[in-house]
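Read left to right, the sequence shown gives residues -31 to -1, 1 to 448 (mature numbering (1 follows the signal peptide of the UniProt record, and there is no 0)).
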Amino acid sequence: MLRTSVRRHPGNAELPLWFCLTLFYLLVSSSDRCGHCKQFAPEYEKIAKTLKENDPPIPVAKVDATAATSLASRFDVSGYPTIKILKKGQPVDYDGSRTEDGKHQSVAILCKKAKNYIVLLLNVTILTDFDLKLCYLKQNSITKAEILPVFSIGCMPENKFAGIVDYMIEQAGPPSKQIQATKQVQEFLRDGDDVIIIGVFSGENDKAYQLYQEAANGLREDYKFHHTFSNEIAKLLKVSPGKLVVMQPEKFQSKHEPKMHVLDLKYWRGKVLEVAKDFPEYVFAVSDEEDYSSEIKDLGLLESGEDVNVAILDEGGKKYAMEPEEFDSDVLKQFVVAFKKGKLKPIVKSQPVPKNNKGPVKVVVGKTFDTIVMDPKNDVLIEFYAPWCGHCKKLEPVYTELGKKYKNEKNLVIAKMDATANDVMSDRYKVEGFPTIYFAPRDKKNNPIKFEGGDRDLEHLSKFIEEHATKLSRTKEEL
């Protein structure tokens, strides 16, 4: 599939396709019927040839947009030729130029995998689903998009051509450059024009160094980052490993301001450790917000505006969020103490509570999980489903019929819950696929019985209920 939709540029013909996908590739959409595309082709050849000669070579690829639509739509391709820059699958703006009339612009699609990038292709066929039947350019639409132009269409001035190549080569390198001698630091201070940022680390395996590289990569457009593993440089800067030093060149220094600012990269960890030692019964952890962005969103902390967000996850799966406040060890300790005393309310992801819930199948949401499923007066059969799940859609009429069959049972509830939009408020009800069905006996709510092995039809589901129900008003024969 990939070979038919992504053509390697002739200048990089020796590179295998998988290499383009995993190292650094430029994906350009074009149309043979588009005059602008034909006009741009020679310039693109120059770019490809120059980038091939880089050490290491930077692969360049192009896609014929007439051969494939969803990828074009996904990246807001509204004219041809179009170039976009992508890192980790996300567009990265390049501050380039437009044509004189301001109507046309080009953007570049760029992916990189090196020590400082990770590109994970879960479904390669996405790259082949790229098809626009018409070659057109929508006027004034790009100005509203969250992208910036790379260069003008048509004859490209040499300085703009060089700008693209220089930018690509810069992006291919590491986000932070290593400093190995004190002389280099002294030269930066004496001759430099930019803010000097130096991370001091014990070695490449230092976790703080790895975090620094990630941060530097995200800010490489704005600052020049350096790092060192040298003890001599650490002595010169009067810092220990795990510190970040920010300095102004000598020409910008003032006697009224400190010559350097030092940040302890383990500062937050130290604040957490101060509290953790007082609560050995709990496990404390520090993590990257980017890795847990969906969890932070569910906690309502995505827009907190704080540098540090804190939450507690208890053994039952309930979550508690600390109110947005400037982080300090005392604030953290108060939060943990409040949890220990049972004064915190759990954060629950939940759809609105249904106003009318009198149907044969009760609708459960996050806020009603405890009152319906965990109700000690009733047995409950609960289905956890996903709206997009084909098996769930197939089960729906059967499950409704099941609810009708047992609607007169006072101590039995047939219920369902959208597990993608609501929190399951007990870790005893593990949902690892859809649909997942549990029977919760009224006297054993923390030991639900999972429906497994049988067909999800009326006969087998009825049999499952009758085997585990604690009280039925009718006999099995009557049912």
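Glycine included, C-beta positions come from ideal geometry on N, C-alpha and C.
As DSSP reads the structure, ILE166 sits in a beta bridge with PHE194 and VAL215.
When the alpha-carbon of LEU371 is set against those of GLU173, LYS331 and LYS336, the nearest one is in LYS331. ILE167 is the residue among LEU270, ILE167, GLU436 and ASP267 whose C-alpha sits nearest the C-alpha of VAL214.
Contact check between the region 428 to 443 and the region 370 to 385: three or more CB pairs, one atom from each, fall below 8 Å, which counts as touching. The continuous alpha helix (DSSP H) containing GLN179 extends over residues 176 to 188. Unbroken alpha helix (DSSP H) runs of no fewer than 4 residues, entirely contained in the region 307 to 343, are found at 338 to 341, following chain order. Taking all protein chains in view, the Cβ of GLN155 is surrounded by fewer than 16 other Cβ atoms within 10 Å, so the residue is classified as exposed.
When DSSP states are grouped into helix, strand and coil, SER431 belongs to the helix group. Runs of the alpha helix (DSSP H) lying entirely within the region 199 to 287, each at least 4 residues long, are 200 to 206, 236 to 245 and 262 to 267 in chain order. Under the three-state reduction of DSSP, TYR13 is assigned to helix.
Counting C-beta pairs with one atom in each stretch, the region 244 to 260 and the region 201 to 209 have fewer than three that are closer than 8 Å, which means they do not touch. By the Cβ test, the region 353 to 365 is in contact with the region 380 to 397, since at least three Cβ pairs between them sit closer than 8 Å.
Straight through space, the alpha carbons of THR197 and GLY335 are spaced by roughly 50 Å. Exclusion of the five residues before and after TYR181 leaves GLY168 as the residues of its chain whose Cβ lies within less than 6 Å of its Cβ. Residues of the same chain with a CB within less than 6 Å of the CB of GLY328, apart from the 5 flanking positions on each side, do not exist. The region 292 to 305 makes contact with the region 269 to 282, as at least three CB pairs between them are under 8 Å.
Contact check for PHE403 and PHE433: beta-carbon distance about 18 Å, past the 8 Å limit, so the pair fails to qualify. The alpha-carbon separation between GLU12 and THR19 amounts to approximately 11 Å. VAL279 sits close to LEU301, with the two beta carbons spaced by under 8 Å. Beyond the five residues adjoining it in sequence on each side, VAL164 comes within less than 7 Å, by CB distance, of TYR192, VAL215 and GLN217 in the same chain, given in chain order.
Here the alpha carbons of GLN179 and PRO143 stand approximately 12 Å from one another. Excluding residues up to 5 positions away in sequence, SER395 and ASP396 lie with their Cβ nearer than 7 Å to the Cβ of GLY285 in the same chain. Residue environment: ASN325 is assigned as exposed (fewer than 16 neighbouring CB atoms within 10 Å of its CB, all protein chains considered). Per DSSP, reduced to three states, the secondary structure at LEU350 is strand. CA-to-CA, the gap between HIS429 and VAL342 works out to about 21 Å. Its chain contains PHE408 and HIS437 as the residues whose beta carbon lies nearer than 6 Å to that of ILE418, once the 5 sequence neighbours on both sides are disregarded; these appear in chain order. When DSSP states are grouped into helix, strand and coil, VAL400 belongs to the coil group. Using a 10 angstroms sphere on the CB of LYS176, the tally of other CB atoms stays under 16, which defines it as exposed.
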